[in-house]
Amino acid sequence: MPNKNEVVLETKALEKHFGGIRAVDQIDMKLYKNEILAIVGDNGAGKSTLIKTITGVYRKDGGEIYLEGNKVDIHNTRDAKNLGIETVYQDKGLISVLDAPSNLFLGREKLRNNVLGKLFRFLDVRYMREETKGLLARIGVEIKDLSAPVNFLSGGQQQSVAVGRAVYWSAKILIFDEPTNNLGVKEQAKAINLIRAIRDTHPEVSIIVITHNLYHVFELVDRIMVLRNGQVIGERERDKTTRNEIVSMITGLAA
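Each residue of the sequence shown is one higher than the one before, starting from 19 at the first, in this note's numbering.
Below you can see the structure in the form of structure tokens.
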């Protein structure tokens, strides 16, 4: 459950401009430890731009970013990853022809701890497979054939591999961009359960979810932040609001 005495991520007066358009306009936000925060808003509200500014896809034009109370400069996505900020995008970011363990360890492959590994850089395939199997089991996911290329897996299983990779490499903040898009009803339910499992099994991880699906928001999150025209319109605790109120905040129309 969220610890409101411990702020993991904070932005102060964060700005991102595209010409004369203020896509992110003086945004103050906080993310607490082990919290699930939804960022919602209509198309063009600034949700994706805000996240891309925090994660180094875009350079901020103003404001400050703090991680665990320390001011940080994020110039690119590598900076964000090094600080423990990981994003799972709709396309999952997986190499389709590689299996789950190869995707999990991509760029950080484990070499055999013997002469074959040291001299010839032979991979420790067994180690990587067992680590992948154990990680997926901890978050409630089973992939029967870990040697299969991920393009043979379901959308939900692919998402599990992408999420598992972020968690395995010590993500402190995990950002989901439309996690239930392009999934069937059963796969959507599995995606929701996966995010819950991450929070429950990894108390050090805090989660941001960007989504249009308010039904899933009310199933999953602790707090909702509403954006409109690049600004924060308001925040609500999930248990102290309704879908109608959130829709009204998104649209600017009376409920």
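All C-beta atoms, glycine included, are put in the ideal place defined by N, C-alpha and C.
Would you kindly work out how many angstroms separate the C-alpha atoms of Ser-66 and Ile-228, rounded to a whole number? Taking the straight line from one Cα to the other gives about 8 Å.
Excluding sequence positions up to five away, which residues of its chain have a Cβ less than 7 Å from the Cβ of Gly-174? Closer than 7 Å at Cβ, skipping near neighbours: Leu-201, Glu-205, Lys-208, Ala-209.
Would you mind sorting Tyr-233 into buried or exposed? The rule is 16 or more other CB atoms within 10 Å of its CB. Flag for Tyr-233 reads exposed.
Pair every Cβ in the segment 148–156 with every Cβ in the segment 80–91, then say whether three or more of these pairs are closer than 8 Å. Taking a cut-off of 8 Å on C-beta distances, the segment 148–156 does not touch the segment 80–91, as fewer than three cross pairs fall below it.
So, are the CB atoms of Lys-128 and Asp-109 less than 7 Å apart? No Cβ-Cβ contact shorter than 7 Å links Lys-128 with Asp-109.
Host beta strand (DSSP E) of Met-47 (start-end): Membership of Met-47 in the beta strand (DSSP E) is indicated by the continuous run 39–51.
In whole angstroms, what is the alpha-carbon distance linking Lys-99 and Ser-266? Inter-residue distance for Lys-99 and Ser-266 is about 35 Å (C-alpha atoms, whole angstroms).
Count the other CB atoms within 10 Å of the CB of Ile-113; is the residue buried (16 or more) or exposed (fewer)? When all chains shown are included, Ile-113 counts as exposed.
What are the start and end residues of the beta strand (DSSP E) that includes Leu-27? In this chain, the beta strand (DSSP E) harbouring Leu-27 covers 21–36.
Asn-100, DSSP secondary structure in three states: Asn-100 falls in the helix class under three-state DSSP.
Grouping DSSP H, G and I as helix and E and B as strand, with all else coil, what is Glu-255? Residue state, collapsed to three classes: strand.
Using 10 angstroms around the beta-carbon of Ala-63, count the other beta-carbons present and answer buried if the total reaches 16, otherwise exposed. Answer is buried; the Cβ neighbour count reaches 16.
Among the residues of its own chain, which have a CB less than 6 Å from the CB of Gly-248, if the five just before and after it don't count? Around Gly-248, the same chain offers Arg-40, Ala-41, Val-42, Asp-43, Gly-64 as residues with beta carbons nearer than 6 Å, after the five sequence neighbours per side are excluded.
Let me check understanding here. Comparing Cα to Cα, which of His-220, Ala-118, Glu-28 lies closest to Arg-156? Comparing Cα positions, the closest option is His-220.
Check whether Gly-37 and Ile-268 have beta carbons under 7 Å apart: The answer is no: Cβ separation not under 7 Å.
Which whole-angstrom value describes the C-beta separation of Glu-255 and Arg-241, a residue pair presumed to lie in contact below a C-beta threshold of 8 Å? With a Cβ gap of about 6 Å, Glu-255 and Arg-241 count as contacting.
Which first and last residues belong to the alpha helix (DSSP H) in which Gly-152 is found? Counting along the chain, Gly-152 sits inside the alpha helix (DSSP H) bounded by residues 143–156.
Residues near Thr-259 by beta carbon distance below 8 Å, same chain, minus five either side: For Thr-259, where only same-chain residues beyond five positions count, the Cβ hits under 8 Å are Ile-242.
Exposure label - Asn-121; buried when at least 16 CB within 10 Å: With 16 or more other Cβ atoms within 10 Å, it is buried.
Do Asp-46 and Gly-74 count as a contact pair if the criterion is CB distance below 7 Å? Against a cut-off of 7 Å, the Cβ pair of Asp-46 and Gly-74 comes out as no contact.
Nearest candidate by alpha-carbon position, reference Gly-80, set Asn-132, Glu-196, Ala-31: The shortest CA-to-CA distance from Gly-80 to any of Asn-132, Glu-196, Ala-31 is the one to Ala-31.
In terms of residue numbering, what span does the alpha helix (DSSP H) encompassing Ala-207 cover? It spans 203–219 - the alpha helix (DSSP H) in which Ala-207 sits, taken as one unbroken run.
What separation, rounded to the nearest whole angstrom, lies between the Cα atoms of Ile-161 and Gln-176? Roughly 10 Å between the two C-alpha positions.
For the alpha helix (DSSP H) containing Ile-264, name the first residue and the last one. If you look at Ile-264, you'll find it in the alpha helix (DSSP H) that goes 261–269.
Contact check, Ser-224 vs Leu-49 under 8 Å by CB: the rounded distance? About 5 Å separates the CB atoms of Ser-224 and Leu-49; that is less than 8 Å, so the two are in contact.
One question on the structure: do Lys-136 and Lys-78 come within less than 7 Å of each other, judged by their Cβ atoms? No.
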